Structure formats: C-alpha cells, structure tokens
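**Q**
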Amino acid sequence: MKTLEKLNYYELLEIAPHASPLEVHQAYKEMYDLYHDDSLASYSFFPPEERREILAMLDEAYSTLMNVKTRAGYDRSLVENGTLKTDVKDRPDMNRTVDAKSPADQSALSIRDNVKSVVSSHPGIQEILARETISGAELKSIRDELGIPLEEVAKTTKVRMLYLEAIENDEFEKIPAGIFLKGFLKAYGQCMGLDADTVASRYLKRMKD
Amino acid sequence: MNSINQSRSECTPFIWPIGGGKGGTGKSFLTINIGILLARQGYKTLLIDADLGTPNLHTIIGLPNPKTSLSDFVNKTVSTLEETVLEMPVHNLFLISGARNKLDIANFAHEQKMKMLRAISRLHYDYILLDLGAGTAFNTIDFFTLSDSGIFVCIPEPTSIENIYRLIRSVYIRKIRQVLQINCFRNLAGQAEAQNRDAVIQHPEYLLTTLKQIDPEQGGNIEKILQAFQFKLVVNQVRKRDNPRTGTLICKIIEKHLGMRIQFIGNVGFDDRVHETVCMKSPYILKYAHSQTALDLHGVLQGITGGTNRQTAALAASTSI
Ligand SMILES: Nc1ncnc2c1ncn2[C@@H]1O[C@H](COP(=O)(O)OP(=O)(O)OP(=O)(O)O)[C@@H](O)[C@H]1O
Ligand SMILES: [Mg+2]
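Chains S and L are the protein sequences, given in the same order.
First residue of the first sequence? That's 37 in this note's numbering, and the numbers climb one at a time after it.
First residue of the second sequence? That's 4 in this note's numbering, and the numbers climb one at a time after it.
#1: For the beta strand (DSSP E) holding D69 (chain S), just list the boundary residues, first then last.
#2: Report the residue from L:S74, L:V277, L:A53 and L:R125 whose alpha carbon sits nearest the alpha carbon of A140 (chain L).
#3: By the 10 Å Cβ neighbour count, where 16 or more other Cβ atoms means buried, how is M130 (chain S) classified, buried or exposed?
#4: Give me, in chain order, the residues of the same chain whose beta-carbon lies closer than 6 Å to that of V93 (chain L); leave out the 5 immediate sequence neighbours on both sides.
#5: So, at 8 Å on beta carbons, what are the nonlocal neighbours of V182 (chain L) in its own chain, with the 5 sequence-adjacent residues on each side left out?
#6: Please report the residue range of the beta strand (DSSP E) in which G23 (chain L) lies.
#7: Using a C-beta cutoff of 9 Å, does N246 (chain L) count as contacting chain S?
#8: Whole angstroms are fine: how far does the CA of A202 (chain S) sit from the CA of L175 (chain S)?
#9: Where A97 (chain S) and T212 (chain L) are concerned, what is the direct C-alpha to C-alpha distance, given to the nearest angstrom?
#10: Measure from the alpha carbon of R248 (chain L) to the alpha carbon of each residue in S:P57, S:L70 and S:L43, then state which is nearest.
#11: Cβ of G22 (chain L) versus every heavy atom of ligand 4: is any distance shorter than 8 Å?
#12: Would you kindly report the start and end of the unbroken alpha helix (DSSP H) that includes D233 (chain S)?
#13: A77 (chain S) and K255 (chain L): beta carbons closer than 9 Å?
#14: Kindly indicate if chain L contains any beta-carbon less than 9 Å away from that of Y79 (chain S).
#15: Where DSSP assigns a beta bridge to F155 (chain L), which residues make up the other side?
#16: Taking C-beta pairs closer than 7 Å, name the residues in chain S that I256 (chain L) reaches, listed in chain order.
#17: Tell me whether N348 (chain L) sits in a helix, a strand or coil according to DSSP, three-state version.
#18: Beta-carbon distances below 6 Å to any heavy atom of ligand 1 define the shell here; list its residues in chain order, please.
#19: Grouping DSSP H, G and I as helix and E and B as strand, with all else coil, what is Q226 (chain S)?
#20: Mind checking if L40 (chain S) is an interface residue toward chain L, Cβ cutoff 9 Å exclusive?
#21: Between T213 (chain L) and chain S, is there a C-beta pair that is closer than 9 Å?
#22: List, in chain order, every chain S residue whose beta-carbon is nearer than 8 Å to that of E165 (chain L).
#23: Helix, strand or coil: how does DSSP classify G193 (chain L) here?
#24: Grouping DSSP H, G and I as helix and E and B as strand, with all else coil, what is A52 (chain S)?
#25: What are the boundary residues of the alpha helix (DSSP H) that V303 (chain L) is part of?
#26: May I ask whether a heavy atom of ligand 2 can be found less than 8 Å away from the beta carbon of L60 (chain L)?
#27: Closer than 9 Å, CB to CB, is I179 (chain L) near chain S or not?
#28: Where does E160 (chain L) fall in DSSP's three states?
#29: To the nearest whole angstrom, what separates the beta carbons of I158 (chain L) and I51 (chain L), a pair I think is in contact under 8 Å?
#30: Check the Cβ of P219 (chain L) against every Cβ in chain S and list those closer than 7 Å, keeping chain order.
#31: Counting pairs of Cβ atoms below 8 Å between the segment 71-88 of chain L and the segment 130-149 of chain L, do you hit three or more?
#32: What residues are listed by DSSP as bridge partners for D134 (chain L)?
#33: Do the segment 239-246 of chain L and the segment 271-289 of chain L make contact, defined as three or more Cβ pairs closer than 8 Å?
#34: In chain order, what residues of the same chain have a beta carbon less than 6 Å from the beta carbon of L170 (chain L), not counting five sequence neighbours either side?
#35: So does D134 (chain L) have its beta carbon nearer than 8 Å to some heavy atom of ligand 2?
#36: List the residues of chain S whose Cβ lies closer than 7 Å to the Cβ of I253 (chain L), in chain order.
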C-alpha cells in the first residue's frame with residue numbers, strides 16, 4: 037500500500053490521467069466529502085494535523101489539474117520521471133483553458149457552476165456556440181468534452197434516453213414535434229451549463245433549414 | 004432441515020463475531036434477528052452471548068432464567084460446552100447464554116479462555132454468531148481470533164464512529180499478530196519488528212510494507228492471509244435524514260488508510276417499534292417481518308451468507324493465539 041504522499045495527483049484523486057475537468061472536479065468533491073473537518077465518516081480517524089495535510093494535498097492536486105498550464109507542466113514532470121506514458125497525453129482535449137478558482141471556493145460551487153466555467157473557457161465549445169445553428173452531433177461533442185454521460189442528462193432532465201439519442205443523432209422523425217422538442221432541447225442545454233434558449237433556437241433553426 | 008445443511012454442520016462452522024462500540028449500537032439486536040433468519044433458511048444456528056459480565060441476550064429472546072450458561076463451562080459444572088446449549092422456540096436456533104456473574108468470567112485465566120475458544124470452534128453448527136461485549140477489552144478482541152470473519156456494527160453518530168474505528172483497528176492488529184505467530188512467519192516478524200518497532204501497534208499498513216521488503220515471498224503470503232479476512236460493516240439505526248453513504252465511506256477510509264479490506268453490507272433503518280419488541284421480549288423480525296427494517300436485515304443476511312469463510316487458518320496452524 038502506498039501512503040498518500042507517494043501518490044501522484046491522479047492516484048490521489050483516483051482518476052485516470054486523461055480525466056476531464058469535470059471528472060477532476062467530481063473526484064475532488066468525493067474526496068473532500070471523505071476528509072473535510074466535519075465529515076462523519078472519517079470522524080476521529082485522523083489527528084487534526086494529518087487531516088489538514090491530506091486536505092492540503094487534495095487542494096494542491098485539484099488546483100494543479102484544473103488549470104491547463106499547470107496540468108501540462110505536471111504531466112510533463114510525470115512523463116519525465118516515467119510515471120506517465122506519453123501516449124496518454126495525446127488526447128484532443130488538452131488545449132482547454134480553465135482558470136481554477138481556489139479549491140475551497142470550488143467545493144462550495146455546484147457541479148453545474150463548474151461545467152459553466154469549463155464551457156465559458158473552452159475554445160472548442162465556444163467555437164460551436166458561436167455558430168448560427170447547432171447540430172445534434174455538435175451537442176454530443178460538447179457533452180463528450182464535458183464528460184457528462186447521457187444517462188446523467190436523462191436523469192437530470194427527466195427526458196427519456198430515446199429522445200435524447202434522437203436529438204444527438206439528428207433523427208428528427210423520432211422526436212415529437214413542436215413544444216416538446218423545444219422543452220427537451222432547453223432542458224438538455226441547461227443541464228450542460230449552456231444557455232437554454234440559444235441551444236433550442238439554433239437547433240430548431242438548423243432542423244427547419 | 005435438508006440433507007445439504009445436515010452435512011454442512013458436520014464440518015467447521017461459519018463463525019461470525021459481532022462487535023461494536025458501547026452505547027447500544029445494536030449488536031444483540033442484529034445477533035438475534037440475523038440468527039432467526041439463518042435458522043429459517045435451514046441453517047443450524049447457534050447464538051453465543053459473549054458479552055462477558057453483562058449478558059442479556061437471553062432476556063431479549065424471552066428466556067428470563069436460562070438453566071445453563073457459559074458460567075457452567077468456565078466453572079466446570081459441566082464438562083463440555085455442548086451441555087450449556089439451550090433450545091430456542093425457533094426451529095434450528097440454539098443459544099448459549101452469557102456468564103451470569105461478572106466475577107465468573109471478566110478476568111478469567113488465559114488457559115480457561117483458550118479452552119473456551121477451542122471448544123467453540125469445535126461445535127457442530129452451520130453458523131455461530133457471537134454477540135460480543137462493547138468496546139475493545141482483550142476478552143472481546145480475542146473472540147475475533149476464532150475465525151477469518153467479523154461483523155462491525157455502528158450507528159451514524161460521531162461517538163459511535165469513533166468507537167468503531169478504535170475497535171476495528173484493535174481487531175486488525177490482533178489478527179496481524181495472530182498471523183505473525185504462525186511458525187513459518189515468526190522469524191520474519193522478528194526482523195520486521197527490529198526494523199520498525201512501532202509499526203505493529205501504530206501503522207499496520209507500514210508493517211506489511213516492511214515485511215514485503217525483507218521477504219517478498221513470505222510478505223506476500225502474509226498479505227494474502229490478511230486479505231482473505233471477511234470483515235463486514237453494518238450501519239444500524241439509520242434515520243431518513245442520515246447520509247446513506249456513510250458506511251461506504253467508512254470502508255473506504257479503512258481500506259485506504261489501514262490497508263484492511265472491509266465490506267459495507269448495509270444500512271439497517273431505525274424503527275421505533277424495535278423498542279416495543281424488546282420490551283415484549285419477542286424478536287422484531289418475527290413481529291414485523293415486512294417492515295423496511297426487516298428488509299434491511301434480509302440485506303445484511305445476504306451480505307453474510309453471500310461470501311464464504313471458515314474457522315481461521317491461523318488458529319488451526321498455531322497452538323497459541
Ligand atoms: N434498528 C433499530 N431501530 C430502533 N432501535 C434500535 C435498532 N437497533 C437497536 N435498537 C435499540 O437500541 C438499543 C440497543 O440495542 P442492543 O441492545 O441490540 O445494542 P448492543 O449493541 O447489544 O448494546 P450493549 O453494548 O449494551 O450490549 C435497544 O434498546 C434497541 O431497542
Ligand atoms: Mg448487547
């Protein structure tokens with residue numbers, strides 16, 4: 037068993053080296069639940085000093101991994117000391133710029149707020165949002181980028197998987213027309229931290245064209 | 004009882020010590036109700052009130068004046084432990100009542116204790132549930148050397164969680180000691196202790212690392228034995244407002260920081276009517292068989308019968324515990 041200090045940030049947060057910012061955030065939140073001062077589950081397990089050290093390590097890991105520049109630097113150091121293979125880093129989503137707020141603030145933020153901050157600073161997503169119309173495939177690529185499973189969207193929005201898949205696949209014939217579709221689109225957009233009306237109107241515009 | 008179960012009780016029983024902190028976490032409540040469920044599934048089941056000094060299982064089960072008890076075995080009024088076994092109103096269910104008098108047993112000699120533990124492990128039952136006394140007294144911890152398994156019960160309150168961590172740590176350290184006493188490991192254990200004096204006491208997880216460094220093969224064998232332990236956690240008296248994930252998180256902390264595997268086998272809901280059934284001296288599961296809490300108890304049962312465990316290999320291999 038490795039002691040915590042010997043773990044790299046990915047191991048510490050129990051995530052893969054190619055985890056998306058949202059996954060980093062979720063992992064941090066989960067760990068925070070385990071170790072924070074008032075956590076019932078770990079009550080009395082650690083002396084206060086040790087608890088502070090663990091929380092400091094988590095914060096450090098979180099702020100490093102949430103910022104593209106520091107994460108790239110950290111990854112390079114892992115590659116250099118042989119912990120990380122280079123190929124894992126050949127992933128398409130490395131050019132995102134997310135400004136990490138201080139982790140203490142972050143833990144108070146909801147996941148949705150965090151998604152919004154990723155959306156607003158992600159060049160790829162911004163580029164899609166700048167277009168006049170949005171296709172289902174583009175919505176899906178945004179969702180993939182954010183690392184949100186479709187099941188989660190279904191759970192949050194209460195829209196059936198069948199319809200969500202039809203929306204992403206641009207299979208208009210499978211979606212009930214009119215007011216329903218508009219509602220589904222808005223819910224989908226909102227769930228992903230996007231502007232709901234924009235998503236709905238641009239998708240519908242493309243559908244009509 | 005079917006023939007499969009009949010043949011099963013001829014071999015070594017599954018022994019489950021049930022431990023928890025002081026303050027009534029529900030050890031006795033679980034022992035009785037899980038015992039009844041096991042008996043009803045056709046398993047020949049023995050409950051032992053191992054709460055030395057302050058037994059009360061007999062009362063909860065509705066037997067105010069048990070004819071025989073552990074005292075008789077300790078005081079040699081009877082020659083075999085079997086003679087202290089009482090029949091219960093539930094088919095397949097049996098009880099050994101706890102020692103009546105604190106003086107009988109609270110500080111009884113090591114030799115006597117060993118004799119009792121050995122006698123327990125030789126009994127012919129499918130399942131033996133040991134309702135332990137609260138806390139981390141030696142006499143409590145020693146019951147965990149009887150098998151490779153154990154159930155820990157806590158309630159979702161800081162005091163109880165503090166107690167359960169203390170108990171789990173003590174039990175784990177006791178189990179490690181037991182394994183290290185097996186002849187073939189003694190030499191290695193001595194070397195490790197010389198290198199890192201406090202490890203056994205304070206950081207069992209470092210001890211294993213040290214053992215593996217000195218002798219990868221033997222260290223690996225010790226790790227395998229330790230990982231074969233079947234420790235389970237039950238969170239009892241869970242109310243609607245409580246976080247249902249607390250048990251999972253506790254197990255995660257233990258696994259990460261003690262290097263010990265423990266499985267969360269369920270929340271058991273708080274039910275006001277438990278008090279009423281205790282007062283009426285009739286088992287809860289018989290009276291409220293379809294309540295949520297009863298369902299939860301079935302879940303716990305599943306967690307217990309789902310895996311396998313036998314009397315500890317370490318106990319069989321070593322003469323001294
Ligand atoms: N799930 C439950 N819902 C409501 N009350 C419960 C529940 N479990 C146990 N209790 C109550 O908690 C009290 C303590 O239970 P129990 O006697 O089983 O604890 P214990 O761990 O054996 O305590 P001790 O260490 O004193 O032997 C009892 O009064 C019982 O009525
Ligand atoms: Mg009790």
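All residues carry an ideal CB built from backbone N, CA and C; glycine is no exception.
Please read these numbers as outputs of a predicted model, since none were measured by experiment.
**A** Short version:
#1: Element bounds for D69 (chain S): not the beta strand (DSSP E) but the alpha helix (DSSP H), P57 to Y71.
#2: The option with the nearest alpha carbon to A140 (chain L) is L:A53.
#3: Any reading at M130 (chain S) is ruled out, since the residue's pLDDT is 44, under 50, leaving its predicted position unreliable.
#4: The beta carbon of V93 (chain L) is closer than 6 Å to those of I39 and A42 in its chain, skipping five residues each way along the sequence.
#5: Leaving aside the five residues that flank V182 (chain L) on each side, the residues in its chain whose CB is nearer than 8 Å to its CB run, in chain order, F188, I225, I228, L229 and A317.
#6: Where G23 (chain L) is concerned, the enclosing beta strand (DSSP E) starts and stops at F17 to G23.
#7: Chain S contact via Cβ: present.
#8: Rounded to the nearest angstrom, the two C-alpha atoms are 12 Å apart.
#9: Using only the alpha carbons, I get a separation of about 25 Å.
#10: Considering only S:P57, S:L70 and S:L43, the residue with the shortest C-alpha distance to R248 (chain L) is S:L70.
#11: Ligand 4 is absent from the structure shown, which contains only ligand 1 and ligand 2.
#12: Counting along the chain, the alpha helix (DSSP H) containing D233 (chain S) begins and ends at A232 to K244.
#13: Yes.
#14: Chain L, which has a Cβ nearer than 9 Å to the Cβ of Y79 (chain S), makes this yes.
#15: Paired residue(s): L:G22 and L:L236.
#16: Within 7 Å Cβ-Cβ: L70, A77, S78 and F81.
#17: Because chain L spans 4 through 324 in this model, residue 348 (chain L) falls outside it and cannot be assessed.
#18: Sorted by position in the chain, L:G23, L:K25, L:G27, L:T28, L:G29, L:K30, L:S31, L:F32, L:D54, L:A137, L:N239, L:Q240, L:V271, L:F273, L:D274, L:V277, L:H278, L:V281 and L:T296 make up the residues whose C-beta lies under 6 Å from a heavy atom of ligand 1.
#19: Under the three-state reduction of DSSP, Q226 (chain S) is assigned to helix.
#20: Contact with chain L is found for L40 (chain S), since one of that chain's Cβ atoms lies less than 9 Å from the residue's Cβ.
#21: Not closer than 9 Å to any Cβ of chain S, the Cβ of T213 (chain L) fails to qualify, so no.
#22: Ordered by position in chain S, the residues that pass the 8 Å Cβ test against E165 (chain L) are Y79 and S80.
#23: Of the three classes helix, strand and coil, the one that applies to G193 (chain L) here is helix, per DSSP.
#24: Collapsing the DSSP output to three states places A52 (chain S) in coil.
#25: It spans Q295 to T308 - the alpha helix (DSSP H) in which V303 (chain L) sits, taken as one unbroken run.
#26: For ligand 2, at least one heavy atom lies less than 8 Å from the Cβ of L60 (chain L).
#27: It does not; no Cβ of chain S falls within 9 Å.
#28: The answer is coil: DSSP assigns E160 (chain L) none of H, G, I, E or B.
#29: No, I158 (chain L) and I51 (chain L) are not in contact; Cβ-Cβ is about 23 Å, not under 8 Å.
#30: Residues of chain S passing the Cβ test: none, with the nearest at roughly 15 Å.
#31: Under the Cβ criterion (8 Å, minimum of three pairs), the segment 71-88 of chain L does not count as touching the segment 130-149 of chain L.
#32: D134 (chain L) pairs with L:I21 and L:D52.
#33: Between the segment 239-246 of chain L and the segment 271-289 of chain L there are three or more C-beta pairs closer than 8 Å, enough to call the two in contact.
#34: Once the five neighbours on either side are set aside, the close Cβ partners of L170 (chain L) are G22 and T139.
#35: Checking the Cβ of D134 (chain L) against ligand 2 gives yes.
#36: By Cβ distance, chain S contributes A77.
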